[in-house]
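Data block below; observations after.
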Amino acid sequence: MREEFYKTLSSPIWWGALVIAAIMPFVLSSYYVHILTLALVYVALASSWNIVGGMAGQISLAHSLFIGIGSMFSAALLLKLGINMWLGLVISAVISGILGAVIAWIDFRFQLGHLSFVLITLAFAEMGSIVVEGWDFLGGASGLLLPKDTGNFLAFQFGGGHGAFWMMLGLAAICVLVNVAILNSPLGYYLRTIRDNEKAAQAIGVNILRYKITAMVISAMLASVVGTAYVRYLTFADPYLLISPVITIEIVLFATVGGLGRAYGPALGALLLVPLGEILRGKLGSTLPGLHYFIYGIVVISVILVTPRGLLPLFERLWARWRGPAVASKP
Amino acid sequence: MLEIDNLVAGYGGVPVLRDVNAKIAAGEIVGLLGANNAGKTTLINALSGMVKPISGRILFLGEDISKLTPQARVELGIVQVPEGRLVFPEMSIRENLLLGGINAHARKHRPQQMEKVIGLFPRLGERLTQSAGSLSGGEQQMLAIGRGLMAEAKLLMLDEPSLGLSPLFVQYIFEIIDRLHADGLTILLVEQNLNLTLRHARRCYVLERGQVAVEGDADTVKNDPRTRSAYLGL
């Protein structure tokens, strides 16, 4: 099972794609670099969510909480207590991991069904946003403004534009690699048994509590780290963006459109939909306000109607059909 | 091998089983009969740990296991083949079988165990890379039993293996059960199909409204008028 992962690590396609992505800032204008950076943020977030939502089949809406802790809390630690953001990143990730474990435990202990799990996690997310908006330490409703990014790496600064892009590229690559690693490890198989049928998973002796907690902790910590990196890039810690349940809905949308539970599915969804949304807004936002949302919505609905399991399985089918006759015609 | 002592169990504190006593000796094939709602599945779930007992004890090889988690019981060799088969549809047959042997105890012997299972079900061996969801109901039942065997079961508990199968497949599955029994495996067979079970199980328990109504060897149970009444719910 593990060979798959090492195959990916040594794959020239993987590294080639990374290198091509890495030279993008030299080719594209800063506007498009910004869009790509945003897309990478969502690649990382959707991939980290995929561990719980896709592989284990647990539609968690609590991820805004982890992103919020990673961003708002680490920003508050820096501004209010002068704690280095690298340390803030670690502290936030640990807190997110613990919270994730608690949520997974509650799910197991009270044997929540799918819908109850969704609602409980949404309740956690709402509580989180209320706490942030009402607590001045975390910036309250007005948010927090981080010091200017001067490129001081030791202070978790990456020098704006290009630096932020590369940092996000690395983070997104790590999140996708974690997906590949988990899917090809026993953990990935156990999570899929839990998703397919919890009762059957128990019948073969899968320790459901342990693996639900493991998945949630990994997912929550990754989301938190991405949150810290995202707020550094934004410079402004906006509670209405970073700890609003809307951000989770976007993540779920990207992952679903790309291909739930697949290693590259969520990444594909985010890479296509984030630029689409941004470019539509840029081109149409001024002519007829709201039209870009309309077109975006139609695209999303059509994708889900045409290929309910996501774009990745669709592309794979098309690829197989295109390859099929070519292979057959070989002498 | 297994001893059930005054077991009371149910869901949310409401007992379904009341004071159930039963015994299974090593190498035995025991039938557990009863109409719908008699508590058969609750009992099998209590044995595998998916339902927590309210009171009473379950002894396996002399040890009280009633507080153990389901996975700890699989490790001991108490393996359930759940009702309705419940294979993992998107995974291949090979993956389904390998996943049957994930407990620490069985993991070491997976290749040998796999060969045995394929020997028992050659049809599965021919389709190892096919996804489990594409199998027919009978083949899925074979896969579910094969997956249970991969766990190196000492006590194999089959929950309604004949459910929804064609008569030919039912006959085949029961031949397999007889073979496993002949190889020395201890089997608890939960069934609604009275005559079929009485033909294969040496001893039977008949549950009625959560209690043991009749117990004894197959002939005794067959001729006891209470068996019929337990089935008809009179």
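Heads up: the protein sequence lines correspond to chains A and B, in order.
The opening position of the first sequence corresponds to residue 1 in this note's numbering, with each subsequent residue numbered one higher.
The opening position of the second sequence corresponds to residue 1001 in this note's numbering, with each subsequent residue numbered one higher.
The beta carbon of each residue, even a glycine, is placed where N, CA and C say it ideally should be.
- When DSSP states are grouped into helix, strand and coil, A/Y293 belongs to the helix group.
- Closest by C-alpha distance to B/L1124, out of B/Q1192, B/G1146, B/Q1112, B/A1106, is B/G1146.
- A/I130 and A/V217 have their C-alpha atoms some 23 angstroms from each other.
- Each of A/A46, A/L61, A/W86 was checked against the Cα of A/F153, and the nearest Cα belongs to A/W86.
- The residues V1206, E1208, A1213, in chain order, have a CB closer than 6 angstroms to that of B/A1230 in the same chain once the five nearest residues on each side in sequence are set aside.
- Taking the Cα positions, A/L242 is about 17 angstroms away from A/L99.
- Secondary structure note for B/D1159: its beta strand (DSSP E) is the uninterrupted segment 1155-1159.
- With respect to B/V1008, B/L1188 sits apart: the two C-beta atoms are not nearer than 8 angstroms.
- With a threshold of 8 angstroms between beta carbons, B/P1070 makes contact with chain A.
- In the structure shown, A/Y211 adopts helical secondary structure according to DSSP, grouped into three states.
- Setting aside the 5 residues that flank it on each side, B/V1079 is surrounded in the same chain by G1148, A1151, A1153, L1156, each with a C-beta closer than 6 angstroms to its C-beta; the list follows chain order.
- Contact of B/M1091 with chain A is assigned, a C-beta pair being separated by under 8 angstroms.
- Measuring C-alpha to C-alpha distances from B/R1094 to each of B/N1103, B/Q1130, B/P1070 identifies B/Q1130 as the nearest.
- Looking at the DSSP output, B/V1081 shares a beta bridge with B/L1158.
- Residue contact with chain B for A/N197: present (Cβ-Cβ distance below 8 angstroms to some residue of chain B).
- Between the region 1102-1111 of chain B and the region 1066-1079 of chain B there are three or more C-beta pairs closer than 8 angstroms, enough to call the two in contact.
- The three-state secondary structure of B/Q1211, taken from DSSP, is strand.
- Per the coordinates, the alpha-carbon of A/D136 lies some 12 angstroms from the alpha-carbon of A/P239.
- In this structure the region 52-59 of chain A lies against the region 189-197 of chain A, because at least three pairs of beta carbons, one per stretch, are closer than 8 angstroms.
- As a beta-bridge residue in DSSP terms, B/G1010 pairs with B/P1015.
- Judged by DSSP in its simplified three-state form, A/F153 adopts helix.
- Residue environment analysis places B/D1159 among the buried positions, since at least 16 neighbouring C-beta atoms fall within 10 angstroms of its C-beta.
- Annotated three-state conformation of B/N1021 is strand, per DSSP.
- Against chain B, the beta carbon of A/V257 has no neighbour under 9 angstroms; the closest one sits roughly 20 angstroms away.
- Sequence-distant Cβ neighbours of A/T307 in its own chain, meaning closer than 6 angstroms and more than five residues away, are L314.
- Taking all protein chains in view, the Cβ of A/Y211 is crowded by 16 or more other Cβ atoms within 10 Å, so the residue is classified as buried.
- A direct Cα-Cα distance of roughly 9 angstroms separates A/I301 from A/V257.
- Scanning A/E316, A/G128, A/G160 for the CA closest to the CA of A/S96 turns up A/G128.
- The Cβ atoms of A/I51 and A/I182 lie closer than 8 angstroms to each other.
- B/S1092 carries a strand assignment under DSSP once its states are collapsed to helix, strand and coil.
- In this structure, the alpha-carbon of A/A125 lies about 16 angstroms from that of A/L138.
- Take A/G160, set aside five residues on each side of it, and the residues of its chain with a beta-carbon closer than 6 angstroms to its own are D149, in chain order.
- Here A/G310 is not near A/G277, since their CB atoms are 8 angstroms or more apart.
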